[in-house]
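Numbering (the numbering used here), first residue to last: 1 to 231. By construction, the Cβ of each residue, glycine as well, lies at the ideal position given by its N, Cα and C atoms. Bear in mind that the values here come from a model prediction, so they are computed numbers and not experimental data. Report on the following structure.
Structure below.
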């Protein structure tokens, strides 16, 4: 009798164990499938073809004269101040504002920083971003933002290849984005990708970075430091 009772308990325990194992296995399968779907979406977002821009409109913006301030070697970098603007704490007087800097990184080629912008558009059209180290002749470059989807596209001349954040990236001479996709303030993007750009300066540069931003009926300059994070 004792042997039969023990056998029944053993069988029940085995069935319960098998049930638990089945549940855990099913949960792991669901998590794996979900992870594959999410990673596939992220891969698709990061590797989606660059949007097609109106080339005549882009060339018109590229033909505008650059007017970066001149900063002698050794002089203080004339940084634009951080102030309370429409999108919150930001650099710039609009319609494009710099609202965040992050992910400082160093490669064999030079130093890189990620910048997030907010754009309050008044007229639909392309917006072009060009960069320059204001104290040296060292090269500046843009790469496609490597950490997630971005509405800013690195474009222009190919300046070379670099390895950044464990990724092989193509360095370009400028960046561009298209409106009216980004006429909303920071935090109201919804499903739209943010305006993130990865900007770099060649080794030996001063880090005093000038940005010229040209769009429909406006041109503005920002002067910031390449290094550091936050605003």
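For the beta strand (DSSP E) assignment, the uninterrupted runs of no fewer than 3 residues enclosed by the segment 135-209 are, from N- to C-terminal side, 140-143, 153-164, 167-178, 195-202. At a Cβ-Cβ threshold of 8 Å, residue 108 and residue 205 do not count as neighbours.
In the DSSP assignment, residue 226 falls outside any alpha helix (DSSP H), carrying neither H nor E. Of the candidates 178, 137, 163, 163 places its Cα closest to the Cα of residue 146.
Take residue 122, set aside five residues on each side of it, and no residue of its chain has a beta-carbon closer than 6 Å to its own.
DSSP places residue 56 in the uninterrupted alpha helix (DSSP H) bounded by 55-62.
A residue is called buried when at least 16 other Cβ atoms come within 10 angstroms of its Cβ; residue 75 does not meet this threshold and is exposed. In the DSSP secondary-structure assignment, residue 100 is bridged to 116. With a cutoff of 8 Å on beta-carbon distance, residue 200 and residue 137 are scored as not near each other.
The secondary-structure analysis by DSSP pairs residue 83 across a beta bridge with 90. Residue 222 is bridged by DSSP to 211.
Residue environment for residue 174: buried (at least 16 other C-beta atoms within 10 angstroms of its C-beta).
Cβ-Cβ separation between residue 213 and residue 129: approximately 5 Å, consistent with a contact (criterion under 8 Å). For residue 72, the CB contacts under 8 Å within the same chain, skipping 5 residues up- and downstream, are 135 in chain order.
The closest CA to that of residue 78, considering only 217, 207, 219, 218, is found on 207. Contact between residue 114 and residue 101 holds, with the beta-carbon distance rounding to 7 Å and staying under 8 Å.
Taking C-beta atoms as the reference points, residue 58 and residue 159 fail to come closer than 8 Å. Excluding residues up to 5 positions away in sequence, 209 lie with their Cβ nearer than 6 Å to the Cβ of residue 224 in the same chain.
The beta carbons of residue 117 and residue 98 sit closer together than 8 Å.
In the displayed model, residue 127 falls within a strand according to three-state DSSP. When rounded, the separation of the alpha-carbon atoms in residue 150 and residue 62 is 21 Å. Exclusion of the five residues before and after residue 83 leaves no residue of its chain whose Cβ lies closer than 6 Å to its Cβ. Spanning the alpha carbons of residue 194 and residue 87 requires a straight line of approximately 14 Å. Residues of the same chain with their beta carbon placed closer than 6 Å to that of residue 93 are lacking, with the five preceding and five following residues left out of the count.
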